[in-house]
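To convert, note that position 97 of the sequence shown is 97 in full-length UniProt numbering; the numbers rise steadily by one, no gaps.
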Amino acid sequence: MNLQDFQANESFLPQMSQQQYAEKPGAEQDEPSEKYGCLRFKPACLQRMNTIKVHVFWQCVFCFFEGFIVNGVINVVLVALEKRYSLPSSRSGLIASANDFGSIICSVLFGYFGEKRHKPRLMGTGILLMATGSLVFSLPHFIGEAYKYKVSADVNASTNICLLDDNVTDTCSTRAAADDTIANSVVMYYGLLMVGNILLGIGAAPMFTIGLSYIDENCKAKLTALYIGWTFSSAAVGVAAGYVVGGQTLSLFVDIDKVDPASVPLTPADPQWVGAWWIAPLIATLGFLAVAFPIYGYPKRLPSYKEVQKARASEAHGGNDELTAKVNFGKSWKDFPKSIWFL
């Protein structure tokens with residue numbers, strides 16, 4: 001080999017090595033975070049979680065609890081909150097809509113800034129915010145005094161008397177002095193209810209924006225609609241469960257954790273009855289906590305990401321399946337069983 005050939009080969013080898021390195025699957029793109037886990041704790045036994053199917057399962061669980069608390073429980077307990085804290089309907093309506101205030105603003109921000117970030121971490125943080133919001137929503141019950149209801153000892157009594165809890169006797173004129181204190185407390189409770197619901201709206205924003213794009217970029221194109229349909233169906237089931245559970249908890253006395261229910265002379269049919277509205281939000285808090293940490297463990301991109309992107313590139317030039325490639329396929333309900341079979 002002469003000097004010129006050696007120099008030519010010498011200049012050629014580095015170029016080939018660079019090209020091979022660039023073409024090597026995962027070169028410069030392989031990230032330690034492709035494994036499932038938290039920080040450096042990524043045992044092999046947890047890698048079974050590192051699939052799009054399992055991730056969609058956790059998203060479905062989240063959507064269940066989101067529908068459970070936001071569109072189910074809160075709508076059921078509004079009447080109980082009006083009685084318990086003497087709220088007018090105008091204020092209780094604001095409580096119900098506070099969720100949308102937080103969601104509208106943050107959905108745009110997460111949709112724009114979150115696309116290039118670590119999506120599962122943003123989703124997990126949002127779920128923790130929802131857990132915090134559910135807890136804050138139930139706080140008025142725990143920091144407030146016991147519910148005071150009125151019981152008339154004698155309907156024929158001529159004295160202007162209001163009996164509270166069967167053992168407190170005050171003239172209505174003396175009670176007027178305490179109204180200011182009660183009003184101040186009500187403002188604080190109302191603020192907690194508003195803040196809790198706003199946090200619920202903010203926390204749900206990442207899942208319904210970048211969460212859907214995370215599904216889309218890590219699964220086959222033909223499965224995207226199916227997986228997203230599962231998540232929204234889970235939310236609908238959660239709404240139904242919220243109405244059922246919320247209605248059942250309202251049949252329990254509001255201070256069941258503070259007084260003996262047998263000593264309460266009221267029944268659910270009594271106009272002064274207030275049910276245990278705070279139980280269902282606590283259930284939602286536990287549910288969100290149970291979902292947040294599994295979501296946190298997912299990497300920025302699933303291991304199947306590159307294969308999915310290659311498959312999508314080939315699908316863009318035309319599929320290999322002659323049946324699904326037909327122009328009219330998918331336009332009739334008769335094709336639905338076939339499309340499910342091809343999955």
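Glycine residues also receive a C-beta, built at the ideal position from the N, C-alpha and C atoms.
Beta-carbon contacts of residue i that lie in its chain and below 6 Å, excluding the five residues immediately before and after
| i | result |
| --- | --- |
| Leu199 | Leu129, Thr132, Gly133 |
| Lys116 | none |
| Gly287 | Phe65 |
| Lys35 | Lys42 |
| Met123 | Pro206, Met207, Gly211, Ile295 |
| Gly102 | Ile198, Gly201, Ile202 |
| Asp216 | Thr224 |
| Pro261 | Phe253 |
Assumed close pair residue i, residue j - CB separation to whole angstroms, cut-off 8 Å
| i | j | result |
| --- | --- | --- |
| Thr231 | Cys38 | So it is not a contact: roughly 23 Å between Cβ atoms. |
| Val274 | Val244 | About 19 Å; that fails the 8 Å criterion. |
| Ala204 | Gly114 | Actually they do not touch by this definition, with Cβ atoms about 13 Å apart. |
| Leu250 | Val76 | 7 Å |
| Leu192 | Pro271 | Actually they do not touch by this definition, with Cβ atoms about 25 Å apart. |
| Val186 | Tyr85 | 5 Å |
| Met194 | Ile104 | The Cβ separation is near 15 Å, so there is no contact. |
| Leu302 | Asn50 | 6 Å |
CB contact flag (residue i, residue j, <7 Å)
| i | j | result |
| --- | --- | --- |
| Pro120 | Tyr298 | yes |
| Val291 | Val61 | yes |
| Leu282 | Ser138 | yes |
| Gly238 | Gly67 | yes |
| Ala276 | Ile256 | yes |
| Asn99 | Gly229 | no |
| Asn218 | Ile52 | yes |
| Gly246 | Val54 | no |
| residue 347 | Phe293 | This structure cannot settle anything about residue 347, because the visible part of the chain is limited to 1 through 343. |
Simplified DSSP state of residue i, which is helix, strand or coil
| i | result |
| --- | --- |
| Lys35 | coil |
| Lys148 | coil |
| Ala22 | Low confidence applies here, because Ala22 scores a pLDDT of 42, under 50, leaving its location unreliable; read the following figure in that light. Reduced to three states, the DSSP call for Ala22 is helix. |
Neighbourhood of residue i by C-beta, 7 Å cutoff - its chain only, sequence neighbours within 5 removed
| i | result |
| --- | --- |
| Ser92 | Leu78, Leu81, Glu82 |
| Leu87 | Leu81, Tyr190 |
| Lys220 | Val308, Ala311 |
| Lys334 | none |
| Gly144 | Ser185, Tyr189 |
Neighbourhood of residue i by C-beta, 8 Å cutoff - its chain only, sequence neighbours within 5 removed
| i | result |
| --- | --- |
| Ser213 | Glu115, Lys119 |
| Lys258 | Ala146 |
| Pro268 | Leu250, Ser251, Gly275 |
| Leu266 | Tyr149, Phe253, Gln272, Trp273 |
Query raised in the report: Counting only runs that start and end within the segment 188 to 274, where is the alpha helix (DSSP H) found for 4 or more residues in a row?
Result: List check, alpha helix (DSSP H) in window: 210 to 217, 221 to 249.
Query raised in the report: Residue ranges of each alpha helix (DSSP H) run of no fewer than 4 residues wholly in the segment 108 to 150, ordered along the chain?
Result: DSSP runs (the alpha helix (DSSP H)) wholly in the segment 108 to 150: 119 to 143.
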